[in-house]
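Keeping their order, the protein sequence lines are chains R and B.
With full-length UniProt numbering, letter number 384 in the first sequence gets 384, and the count goes up by one each step, no holes.
With full-length UniProt numbering, letter number 86 in the second sequence gets 86, and the count goes up by one each step, no holes.
No residue lacks a Cβ here, since even glycine has one placed at the ideal position from N, Cα and C.
Taking it in order: structure first as C-alpha cells, then the write-up.
2 protein chains.
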Amino acid sequence: MTKERLYLFDTTLRDGAQTSGIDFSVNEKIVIAELLDRLGVDYAEGGYPGANPTDTEFFSKKRTQKAKFTAFGMTKRAGRSVSNDPGLQQILAAEVDAYCFVAKSWDYHVKVALGCTNEENLEGISETVKAAVATGREAMIDCEHFFDGFKANPEYALACAKTAYDAGARWVVLCDTNGGTLPDEIKGIVGKVQAVVPGDHLGIHTHDDTGHAIANSLAAVDAGVRQIQGTLNGIGERCGNANLITLIPTLLLKSSYADRFALAVTREHLTEITSIAHAFDEILNRSPDRHAPYVGETAFATKAGIHASAILKDPQTYEHVAPETVGNRRRVLVSDQAGKSNLLGELARLGVEVEKTDPRLDRLLADVKQREAEGYAYEAADASFELLARRALGEVPRFFEVNSFRVMVERRFNAVGDLVSMSEAVVKLDIDGEQRMSVAEGNGPVNALDRALRKDLGKYQTAIDGLELIDYKVRILNGGTGAVTRVLIESHDTTTHRRWFTIGVSSNIVDASFQALVDSINYALLKAGAV
Amino acid sequence: MTKERLYLFDTTLRDGAQTSGIDFSVNEKIVIAELLDRLGVDYAEGGYPGANPTDTEFFSKKRTQKAKFTAFGMTKRAGRSVSNDPGLQQILAAEVDAYCFVAKSWDYHVKVALGCTNEENLEGISETVKAAVATGREAMIDCEHFFDGFKANPEYALACAKTAYDAGARWVVLCDTNGGTLPDEIKGIVGKVQAVVPGDHLGIHTHDDTGHAIANSLAAVDAGVRQIQGTLNGIGERCGNANLITLIPTLLLKSSYADRFALAVTREHLTEITSIAHAFDEILNRSPDRHAPYVGETAFATKAGIHASAILKDPQTYEHVAPETVGNRRRVLVSDQAGKSNLLGELARLGVEVEKTDPRLDRLLADVKQREAEGYAYEAADASFELLARRALGEVPRFFEVNSFRVMVERRFNAVGDLVSMSEAVVKLDIDGEQRMSVAEGNGPVNALDRALRKDLGKYQTAIDGLELIDYKVRILNGGTGAVTRVLIESHDTTTHRRWFTIGVSSNIVDASFQALVDSINYALLKAGAV
Numbered sequence: 001m002t003k004e005r006l007y008l009f010d011t012t013l014r015d016g017a018q019t020s021g022i023d024f025s026v027n028e029k030i031v032i033a034e035l036l037d038r039l040g041v042d043y044a045e046g047g048y049p050g051a052n053p054t055d056t057e058f059f060s061k062k063r064t065q066k067a068k069f070t071a072f073g074m075t076k077r078a079g080r081s082v083s084n085d086p087g088l089q090q091i092l093a094a095e096v097d098a099y100c101f102v103a104k105s106w107d108y109h110v111k112v113a114l115g116c117t118n119e120e121n122l123e124g125i126s127e128t129v130k131a132a133v134a135t136g137r138e139a140m141i142d143c144e145h146f147f148d149g150f151k152a153n154p155e156y157a158l159a160c161a162k163t164a165y166d167a168g169a170r171w172v173v174l175c176d177t178n179g180g181t182l183p184d185e186i187k188g189i190v191g192k193v194q195a196v197v198p199g200d201h202l203g204i205h206t207h208d209d210t211g212h213a214i215a216n217s218l219a220a221v222d223a224g225v226r227q228i229q230g231t232l233n234g235i236g237e238r239c240g241n242a243n244l245i246t247l248i249p250t251l252l253l254k255s256s257y258a259d260r261f262a263l264a265v266t267r268e269h270l271t272e273i274t275s276i277a278h279a280f281d282e283i284l285n286r287s288p289d290r291h292a293p294y295v296g297e298t299a300f301a302t303k304a305g306i307h308a309s310a311i312l313k314d315p316q317t318y319e320h321v322a323p324e325t326v327g328n329r330r331r332v333l334v335s336d337q338a339g340k341s342n343l344l345g346e347l348a349r350l351g352v353e354v355e356k357t358d359p360r361l362d363r364l365l366a367d368v369k370q371r372e373a374e375g376y377a378y379e380a381a382d383a384s385f386e387l388l389a390r391r392a393l394g395e396v397p398r399f400f401e402v403n404s405f406r407v408m409v410e411r412r413f414n415a416v417g418d419l420v421s422m423s424e425a426v427v428k429l430d431i432d433g434e435q436r437m438s439v440a441e442g443n444g445p446v447n448a449l450d451r452a453l454r455k456d457l458g459k460y461q462t463a464i465d466g467l468e469l470i471d472y473k474v475r476i477l478n479g480g481t482g483a484v485t486r487v488l489i490e491s492h493d494t495t496t497h498r499r500w501f502t503i504g505v506s507s508n509i510v511d512a513s514f515q516a517l518v519d520s521i522n523y524a525l526l527k528a529g530a531v
Numbered sequence: 001m002t003k004e005r006l007y008l009f010d011t012t013l014r015d016g017a018q019t020s021g022i023d024f025s026v027n028e029k030i031v032i033a034e035l036l037d038r039l040g041v042d043y044a045e046g047g048y049p050g051a052n053p054t055d056t057e058f059f060s061k062k063r064t065q066k067a068k069f070t071a072f073g074m075t076k077r078a079g080r081s082v083s084n085d086p087g088l089q090q091i092l093a094a095e096v097d098a099y100c101f102v103a104k105s106w107d108y109h110v111k112v113a114l115g116c117t118n119e120e121n122l123e124g125i126s127e128t129v130k131a132a133v134a135t136g137r138e139a140m141i142d143c144e145h146f147f148d149g150f151k152a153n154p155e156y157a158l159a160c161a162k163t164a165y166d167a168g169a170r171w172v173v174l175c176d177t178n179g180g181t182l183p184d185e186i187k188g189i190v191g192k193v194q195a196v197v198p199g200d201h202l203g204i205h206t207h208d209d210t211g212h213a214i215a216n217s218l219a220a221v222d223a224g225v226r227q228i229q230g231t232l233n234g235i236g237e238r239c240g241n242a243n244l245i246t247l248i249p250t251l252l253l254k255s256s257y258a259d260r261f262a263l264a265v266t267r268e269h270l271t272e273i274t275s276i277a278h279a280f281d282e283i284l285n286r287s288p289d290r291h292a293p294y295v296g297e298t299a300f301a302t303k304a305g306i307h308a309s310a311i312l313k314d315p316q317t318y319e320h321v322a323p324e325t326v327g328n329r330r331r332v333l334v335s336d337q338a339g340k341s342n343l344l345g346e347l348a349r350l351g352v353e354v355e356k357t358d359p360r361l362d363r364l365l366a367d368v369k370q371r372e373a374e375g376y377a378y379e380a381a382d383a384s385f386e387l388l389a390r391r392a393l394g395e396v397p398r399f400f401e402v403n404s405f406r407v408m409v410e411r412r413f414n415a416v417g418d419l420v421s422m423s424e425a426v427v428k429l430d431i432d433g434e435q436r437m438s439v440a441e442g443n444g445p446v447n448a449l450d451r452a453l454r455k456d457l458g459k460y461q462t463a464i465d466g467l468e469l470i471d472y473k474v475r476i477l478n479g480g481t482g483a484v485t486r487v488l489i490e491s492h493d494t495t496t497h498r499r500w501f502t503i504g505v506s507s508n509i510v511d512a513s514f515q516a517l518v519d520s521i522n523y524a525l526l527k528a529g530a531v
C-alpha cells in the first residue's frame with residue numbers, strides 16, 4: 001500500500017520567535033535554519049520580512065538548503081491594490097521558495113481588527129494568493145482563529161478557506177490560534193472543511209493551551225489534513241506550539257501513522273533528534289526539559305529498582321519505543337540499588353574506559369553507594385560523578401589543593417546610616433608546591449568564595465577563562481537549618497559551549513557550595529587537558 | 001440533565017515520588033497532602049506503606065481531611081495466603097479510607113516478573129480485593145501495562161479486569177504504564193473493557209511519553225471511564241503522569257465536559273489552582289514551568305503587540321478561557337483593578353480584616369507588586385505576606401530590632417591535621433531600648449545565625465520556646481552565584497502545632513535567610529499575642 005505524504009512545516013523562527021523571553025539574532029536564525037535542514041522538515045518559516053530589521057536582514061538571502069524557505073506576512077490591506085501594498089510587496093520580493101500569509105477567518109475579527117467588510121477580507125485573501133502564485137512560488141494561507149471562527153460563523157470561515165484554495169493556494173492552514181479547541185472538535189470541523197478544500201491541501205497549526213497541541217495535530221491528520229505546523233521543542237506564544245520533536249518520532253515509530261504516512265524525515269534522521277533538540281536548547285541558553293517525550297534525559301529512565309533487571313532482559317515489555325531509535329539512551333539510575341552493571345553502563349555513557357573485571361570498580365561502587373546515602377545525587381551531576389570515577393582509576397591529576405578558606409558575611413549600618421551587607425572570602429591554595437592566597441568580595445558568601453577560588457590559579461588560569469556559573473540550586477535534606485545541604489551547580493564554558501553539573505553535600509551550605517565549585521573547576525581543567 | 005460524577009485520584013505522593021530527582025520527606029508529604037485537600041481531589045494516594053521508612057511513617061495516621069486517604073501496594077504473592085503475606089497485611093493495617101493495589105494484566109509480565117501462572121495471578125487479584133473489601137474500606141486495582149497487555153492477549157487482560165470487579169473492587173484502573181498508547185487506541189480498548197466492567201467503575205492512568213497523557217485521559221472519559229489518575233504539575237516517572245492542574249480547568253471550563261460531568265472541585269476552588277501549582281513547585285524547590293497550560297506565567301501573556309487593545313476590549317475573542325477563572329492573570333497591562341480584587345481575596349483568606357476602600361490598600365498593593373518583581377513569591381509564604389499586610393495596617397508591634405550581625409565560616413586544618421569547618425554568628429539586638437548581643441555556633445552560617453537570633457530575646461523568650469525550623473529551601477533567580485537568592489523557611493510551633501512559611505530575598509544568601517528567619521520569629525510573636 002502506497003503511503004501518503006505528510007509535510008512538516010516549522011515555524012520556530014516565526015511563531016516561536018514570539019515566545020515570551022526569546023529573541024533570535026540573525027546569526028541564531030542562521031544556525032537554527034541549519035538545524036532545521038538537519039532535522040529534515042519540508043518548510044522553514046523564517047520570519048516576517050519588513051516587520052523588523054532582524055527578519056528583513058535574514059531574508060536577504062535563502063537560508064536553507066533542503067527545507068522550502070518560507071516568508072510570513074499578512075494578506076493585502078483592504079482598500080489598496082496588491083501593487084500598492086508596500087508590506088506585501090516586500091514579502092513577495094524576498095528570496096524564498098514559499099509564502100505563508102495569515103488571514104482573518106472569524107468575521108468578528110474582520111470587523112474589529114481589520115475594520116473592513118467580510119467581502120473585502122475575502123478579496124484580500126484572493127488577491128494576495130494570486131499575486132504570490134504569479135511569482136511562480138508556493139503560496140499558503142494561515143486561517144487565523146479558524147476553529148473559533150467556524151464555531152461562530154461556519155459559512156464565513158469556510159468561505160475564507162475556499163477562497164484561498166480557489167485562488168491557487170498550495171495549502172490552507174487551519175490555525176487554533178487561541179489553543180482552546182479539543183481533538184474531537186478539530187476532527188469534526190476539519191471534516192466539514194473538506195467539503196471546500198481537499199485534505200491534501202489542508203494544514204493544521206495548534207497551540208498547547210489545554211495540553212492538546214500534539215493530540216490536536218494528529219486528530220487533524222486523522223481527519224484528512226496533510227501538513228502539520230510546529231516548532232522545535234514546542235516553543236511559542238503562551239503555552240507553546242505543537243512540538244515537532246515530539247510529533248516526528250510518533251509519526252515514524254507508531255504503526256498507526258508509520259504504516260499510512262511517509263515524511264521527508266527518515267528513520268536514519270530520527271537518530272539525531274535527541275541531539276538536535278539539545279542543540280536547540282543550547283542556542284536558547286536554557287536547561288533542556290529533562291522530562292521531554294522521546295528526547296528528555298529521563299524519558300527512558302526508571303527509578304523503581306524492580307524493573308531494572310527485567311528491562312535489560314526484554315526492553316520492549318517496559319519501553320514504548322527503543323531509545324536508540326531517537327538517539328537517546330536507557331538510564332537505569334545510579335540509585336541505592338546500584339549494581340555493577342548499572343555502574344558500567346553509566347561509565348560507558350560518560351566515555352570512561354574500564355575493564356569489567358577491574359578490581360577498582362568494586363571500591364568505586366561502594367563509594368558511590370555511600371555517598372548517595374549521604375545525599376550526593378549523581379544522576380543530576382554527571383561531572384562530579386565522572387571526576388569520582390576517573391579519580392578511582394587514577395586518571396585525574398592533582399591540579400591544585402585548597403588548604404583553607406574563610407568566608408565572612410557582615411551586615412551593619414555604615415557611617416551615613418545606611419544598612420549595608422558585605423561578603424568576603426579568603427582562599428589559600430597550593431599549586432605544584434607553590435602557595436597562593438586570594439581574597440575577593442561578592443554578593444554573598446558563595447559568590448565571594450567562587451571569585452576567590454578562581455582569582456589566581458597560576459598556570460591553570462587560561463583554562464578556566466571561559467568558565468561561567470549558570471545556575472545554583474540548594475536543597476536541604478531532612479529539614480531545618482541544621483540538616484544536610486545539597487548544592488548543585490551548573491557550569492558553562494563560553495568557548496567550548498560545554499555544559500556540566502557538579503554537586504556538593506555538607507551540613508554547612510558554604511562547605512557544600514565549595515565542593516561543587518572545586519569539582520567544577522577540576523572538571524574544566526580535566527576536559528581542557530590541563531597537565 | 002443530571003451530570004455524571006467524575007472522580008479525581010491524585011498519585012503525586014506515590015507515582016510522582018518515582019520522578020527522577022524527587023524525594024519527598026515525611027514532612028513534605030504532609031504539606032502536599034494539605035495541598036491536595038485544598039485542591040479538592042477525591043483520592044490522595046499517599047505512598048506504599050512498608051516499602052520504605054518514609055512511607056511507613058507517613059501512614060501511621062490519616063493525613064487528609066477531605067480526600068480519601070489511599071495506600072498503594074501489590075497484590076498478594078503467589079503461593080501464599082492473604083494472612084500469610086506480611087507486605088499485604090501491613091498495607092491493610094494502614095490508617096486509610098481506600099487501597100489501590102497494582103496487578104499484572106499482561107500475561108508476559110505474569111510469567112517473567114511474577115514467575116507464577118496466569119490463574120495464580122487472577123487468584124491473587126481476587127483474594128487481595130476480597131481481603132481489602134472485608135476491612136470495610138474501598139478497594140481498587142491498578143491494571144499495570146493494561147493497554148499493551150490487551151493488545152498482546154485481550155482475553156487475559158479482560159479477565160484481570162473482570163476478576164477485580166467481580167471480587168468487589170470499587171474501581172478497576174486501566175494503566176498505560178509505558179505511556180505509548182494513542183487516544184484512538186485508548187478509546188477502542190476502553191470500549192471493549194465495558195463488556196466486563198461498567199464505566200462508572202473504570203479508571204484511567206496515563207503517562208506523557210508521546211505527549212498524550214491529557215488527551216488519553218479525556219479520550220478514556222469520552223469512552224466511559226469515570227476516574228482519572230494524575231499528579232500535581234504532571235510529575236512522574238520518565239515524562240510524567242497526566243497533569244491534574246491541566247485537566248481540572250478543562251473539565252470545569254470546556255462545555256463538552258463541564259456540561260456532562262461534575263467534580264468535587266468547584267469553580268470556586270478553581271480560582272486557587274494557579275496558587276496551588278506554584279506552591280507545589282516551591283515544595284519541590286524548582287522553577288515553575290512558565291509555559292504551563294492555565295497556570296503558567298505566560299499562559300495568558302501575549303507578546304504580539306497587535307492584540308493588546310483588542311484583547312482588553314473583548315478578551316473572549318483572543319483567550320480560550322478567562323485567566324481569573326484559574327486564579328491566573330492576563331499579562332498585557334498591569335491592571336490595578338484586577339490587582340486589588342486579588343489582594344482583597346488573599347487578605348480575606350488570611351483573616352486580615354480591612355475595608356475595601358481603605359486607602360492603605362493601594363500602598364500595600366504597590367508594595368507587593370514591587371516586591372514580587374524583586375523575587376518575593378508570596379503565594380508560597382503566607383506568614384511573610386500576612387506580616388507585610390498587617391504592618392501596612394499598623395497591626396504589628398515592633399517586637400525587636402536587629403542592629404547588626406556578622407557570620408563567619410571557616411575551614412582549616414586543626415592542630416592534629418583534621419580538616420574542620422566552623423560557623424559562628426554574632427547578633428546585636430534592641431528590645432525596648434535594651435541592647436542585647438548574642439553569639440552562637442552552628443552547622444553552617446544560617447544555622448549559626450538562627451541560633452544567635454533566638455538565643456536571647458529577653459521578655460519574648462518564652463513565646464518562641466516551641467519554635468522549630470522544619471525546612472529551608474533556597475532558589476537562585478536569574479542564575480549563577482551573583483544573582484538574586486530566594487529563601488523559603490518553614491517553621492513549626494511544637495506547642496500550638498501551627499505551621500507557617502516565610503520568605504527572604506537578597507543577592508546575599510545569608511541576608512535572604514536572615515529576612516526569612518526574622519519574619520518567622522515576628523510571626524510567632526504576633527500569633528502568640530505578645531505585647
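Asked: CA-to-CA distance, THR177/B to LYS357/R, given in whole angstroms; Found: Residue 357/R is actually Thr in this sequence, not Lys. Computed Cα separation, rounded: 36 angstroms.
Asked: CB contact below 7 angstroms: ARG499/B versus chain R; Found: no
Asked: Same chain, Cβ closer than 8 angstroms to GLY375/B, five either side skipped, listed in chain order; Found: LEU477, VAL484, ARG486, VAL505
Asked: Interfacial residues, the segment 385 to 411 of chain R to chain B, with Cβ spacing under 8 angstroms; Found: ASN403, SER404, PHE405, ARG406, VAL407, MET408, VAL409, GLU410, ARG411
Asked: Exposure of ILE306/R, with buried meaning 16 or more beta-carbon neighbours within 10 Å; Found: Because the pLDDT of ILE306/R is 46, which lies under 50, any placement of that residue in the model is unreliable, and the question is left without a value.
Asked: Exposure label - THR317/R; buried when at least 16 CB within 10 Å; Found: buried
Asked: THR266/B - DSSP class collapsed to helix/strand/coil; Found: coil
Asked: Any non-hydrogen atom of the ligand MG closer than 6 angstroms to SER275/B Cβ; Found: With respect to the ligand MG, the structure shown offers nothing to examine, as it has no ligands at all.
Asked: Residue nearest to LEU13/B in terms of C-alpha spacing, selected from THR496/B, ARG412/B, ILE283/B; Found: ILE283/B
Asked: Straight-line gap, GLU441/B to ARG398/B (C-alpha atoms, nearest Å); Found: 27 angstroms
Asked: From ASN216/B, ALA220/B, GLY188/B, VAL396/B, residue whose alpha carbon lies closest to that of LEU202/B; Found: ALA220/B
Asked: Nearest to SER404/R (by Cα), restricted to the options ALA389/R, ALA348/R, ASP511/R; Found: ASP511/R
Asked: Distance, ILE273/B Cα to VAL368/B Cα; Found: 20 angstroms
Asked: Check whether HIS278/R and PRO293/R have beta carbons under 7 angstroms apart; Found: no
Asked: Proximal chain R residues relative to ALA415/B, where beta-carbon distance stays under 8 angstroms; Found: Under the 8 angstroms cutoff, chain R gives no residues; its nearest Cβ is about 14 angstroms from ALA415/B.
Asked: Spatial distance of ILE91/B from ARG360/R (CA atoms); Found: 42 angstroms
Asked: TYR7/B - partner residues in DSSP beta bridges; Found: GLN227/B
Asked: Reduced DSSP category for ARG391/R - H, G, I as helix; E, B as strand; rest coil; Found: helix
Asked: For ASN241/B and HIS70/B, believed in contact at Cβ under 8 angstroms, the rounded distance; Found: Checking the sequence, you will find Thr at residue 70/B rather than His. The pair is not a contact, with the Cβ atoms about 15 angstroms apart (cut-off 8 angstroms).
Asked: N-terminal and C-terminal residue of the beta strand (DSSP E) that CYS175/B is part of; Found: 171 to 175
Asked: PHE9/B to HIS207/B span [Cα, whole Å]; Found: 14 angstroms
Asked: Inter-stretch contact (C-beta, 8 angstroms, three-pair minimum) for the segment 55 to 70 of chain B and the segment 30 to 45 of chain B; Found: yes
Asked: Length at least 4, wholly inside the segment 42 to 129 of chain R: the alpha helix (DSSP H) runs in chain order; Found: 53 to 58, 86 to 92
Asked: Within-7 angstroms CB hit, VAL334/B to chain R; Found: Note that VAL334/B has pLDDT 31, beneath the 50 cutoff, so the model's placement of it is unreliable and the number below is only indicative. No, VAL334/B does not count as interfacial toward chain R.
Asked: For LEU343/R, the nearest candidate out of ASN522/R, LEU364/R, PHE72/R (CA to CA); Found: LEU364/R
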